[in-house]
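Participant:
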Amino acid sequence: GAVVSQHPSRVICKSGTSVKIECRSLDFQATTMFWYRQFPKKSLMLMATSNEGSKATYEQGVEKDKFLINHASLTLSTLTVTSAHPEDSSFYICSARVASGTIYNEQFFGPGTRLTVL
Amino acid sequence: QKEVEQNSGPLSVPEGAIASLNCTYSDRGSQSFFWYRQYSGKSPELIMSIYSNGDKEDGRFTAQLNKASQYVSLLIRDSQPSDSATYLCAVNPPRAAGNKLTFGGGTRVLVKP
Numbered sequence: 003g004a005v006v007s008q009h010p011s012r013v014i015c016k017s018g019t020s021v022k023i024e025c026r027s028l029d030f031q032a033t034t035m036f037w038y039r040q041f042p043k044k045s046l047m048l049m050a051t052s053n054e055g056s057k058a059t060y061e062q063g064v065e066k067d068k069f070l071i072n073h074a075s076l077t078l079s080t081l082t083v084t085s086a087h088p089e090d091s092s093f094y095i096c097s098a099r100v101a102s103g104t105i106y107n108e109q110f111f112g113p114g115t116r117l118t119v120l
Numbered sequence: 003q004k005e006v007e008q009n010s011g012p013l014s015v016p017e018g019a020i021a022s023l024n025c026t027y028s029d030r031g032s033q034s035f036f037w038y039r040q041y042s043g044k045s046p047e048l049i050m051s052i053y054s055n056g057d058k059e060d061g062r063f064t065a066q067l068n069k070a071s072q073y074v075s076l077l078i079r080d081s082q083p084s085d086s087a088t089y090l091c092a093v094n095p096p097r098a099a100g101n102k103l104t105f106g107g108g109t110r111v112l113v114k115p
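Chains as they are written, first to last, in the working numbering: chain R, 3 to 120; chain Y, 3 to 115.
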């Protein structure tokens, strides 16, 4: 399968700081990437769809000014959690959809970033 | 009705037995179906994708799709303790903007030695 990386894998920060998470597709081009968050023992929750060269599409209830998404190239999307608070502590996971050669919408997940806000 | 439904489990299976997981979906026009495995504290890993009615086999895994009945299942043969994980069913509904996937809540599988 295709490989997606995320950095950092774990981050601990103080309340009020901003945290940037990078998601990279390593061996394929991804016009579309997705950002999810997952609380312990809960289901994946889609936060937003990130499209290369255009604005992200946020799911209902997700604050776009809180969670800034930039998809600058076909292999990189970033999620910035601005002014993080303890309630933002969660497991953030990105996925990438293969850009071409398939109509089947396979998505490959990165390893995730565990954010802890003190 | 949830868009994608799975029994949350846990599904307890003896080592060497067959684990059978089921998933139903509500949007009849869905065309793409996926099974992901997620170990505790890790991200999901794609293990099977299926697009046509019938069975698709890959190693010890078999995915079965029945579009008329709107269900997709996953069989794990010769279950191993390393198969203990949560299995997520995902569907790509035709009207999903941006090719989003809709996930079920997952079925937790426990394989006991």
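C-beta atoms are modelled at their ideal positions from N, C-alpha and C, and glycine is treated no differently.
Would you mind telling me which residues of chain Y sit closer than 9 angstroms to residue 108 of chain R, beta carbon to beta carbon, in chain order?
Facilitator: Position 106 of the first sequence holds residue 108 of chain R. Per Cβ cutoff of 9 angstroms: 34, 36, 48 and 51.
Participant: So residue 48 of chain Y and residue 30 of chain R are supposed to be a Cβ contact under 8 angstroms. How far apart are they, rounded?
Facilitator: One-based indexing of the second sequence puts residue 48 of chain Y at position 46. One-based indexing of the first sequence puts residue 30 of chain R at position 28. The pair is not a contact, with the Cβ atoms about 13 angstroms apart (cut-off 8 angstroms).
Participant: Give me the chain Y residues within the contact set of residue 45 of chain R, using Cβ-Cβ distance strictly less than 7 angstroms, ordered along the chain.
Facilitator: Position 43 of the first sequence, counting from 1, holds the residue named residue 45 of chain R. Per Cβ cutoff of 7 angstroms: 105, 107 and 108.
Participant: Between R:90, R:74, R:86 and R:79, which lies nearest to residue 35 of chain R when the distance is taken from Cα to Cα?
Facilitator: For the purposes of this step, residue 35 of chain R is taken as the residue at position 33 of the first sequence. Per the Cα distances, R:79.
Participant: List the residues of chain Y whose Cβ lies closer than 7 angstroms to the Cβ of residue 48 of chain R, in chain order.
Facilitator: Translated into positions along the first sequence, residue 48 of chain R becomes position 46. Within chain Y, the residues near residue 48 of chain R are 102.
Participant: Unbroken beta strand (DSSP E) runs of length 3 or more, entirely within the region 61 to 115 of chain R: which are they?
Facilitator: 69 to 75, 78 to 83, 92 to 99 and 109 to 111
Participant: Would you check if the distance between the CB atom of residue 111 of chain Y and the CB atom of residue 13 of chain Y is smaller than 8 angstroms?
Facilitator: In the second sequence, the residue the question calls residue 111 of chain Y occupies position 109. In the second sequence, the residue the question calls residue 13 of chain Y occupies position 11. Contact: yes.
Participant: Would you kindly work out how many angstroms separate the C-alpha atoms of residue 58 of chain R and residue 15 of chain Y, rounded to a whole number?
Facilitator: Here residue 58 of chain R refers to the residue found at position 56 when the first sequence is read from its first residue. Here residue 15 of chain Y refers to the residue found at position 13 when the second sequence is read from its first residue. Cα to Cα, residue 58 of chain R sits roughly 42 angstroms from residue 15 of chain Y.
Participant: Give the straight-line distance between the Cα atoms of residue 12 of chain R and residue 34 of chain Y, rounded to the nearest whole angstrom.
Facilitator: What you label residue 12 of chain R is simply residue 10 of the first sequence in a count that begins at 1. What you label residue 34 of chain Y is simply residue 32 of the second sequence in a count that begins at 1. Going from the Cα of residue 12 of chain R to the Cα of residue 34 of chain Y covers about 32 angstroms.
Participant: Per DSSP, which residues does residue 21 of chain R bridge with? Please list them.
Facilitator: As a first step, residue 21 of chain R is located in the first sequence; it is residue number 19 there, counting from the start. According to DSSP, which records beta bridges pairwise, residue 21 of chain R is partnered with R:83.
Participant: Helix, strand or coil for residue 80 of chain Y? Go by DSSP, reduced to three states.
Facilitator: In the second sequence, the residue the question calls residue 80 of chain Y occupies position 78. Residue state, collapsed to three classes: coil.
Participant: Quick one: is residue 80 of chain R near chain Y, going by C-beta distance under 8 angstroms?
Facilitator: Position 78 of the first sequence, counted from the start, is the residue given in the question as residue 80 of chain R. No, its Cβ sits nowhere closer than 8 angstroms to a Cβ of chain Y.
Participant: For residue 99 of chain R, would you say it is in contact with chain Y, using Cβ-to-Cβ distances shorter than 8 angstroms as the test?
Facilitator: Position 97 of the first sequence, counted from the first residue, corresponds to residue 99 of chain R. Interface residue, yes.
Participant: What whole-angstrom Cβ distance do residue 27 of chain R and residue 82 of chain R have, given they're in contact under 8 angstroms?
Facilitator: For the purposes of this step, residue 27 of chain R is taken as the residue at position 25 of the first sequence. For the purposes of this step, residue 82 of chain R is taken as the residue at position 80 of the first sequence. In fact, because the Cβ distance is near 19 angstroms, the residues do not count as touching under 8 angstroms.
Participant: Check the Cβ-Cβ distances between residue 77 of chain R and every residue of chain Y, and say whether any is below 8 angstroms.
Facilitator: Your numbering for residue 77 of chain R matches position 75 in the first sequence. Taking Cβ atoms only, chain Y never reaches closer than 8 angstroms to residue 77 of chain R, which makes this a no.
Participant: Could you tell me which of R:118, R:120 and R:112 sits nearest to residue 8 of chain R, measuring between CA atoms?
Facilitator: As a first step, residue 8 of chain R is located in the first sequence; it is residue number 6 there, counting from the start. Among R:118, R:120 and R:112, the Cα nearest to that of residue 8 of chain R is on R:112.
Participant: Would you give the residue range spanned by the beta strand (DSSP E) that residue 21 of chain Y belongs to?
Facilitator: Here residue 21 of chain Y refers to the residue found at position 19 of the second sequence. Residue 21 of chain Y -> beta strand (DSSP E) spans 21 to 27.
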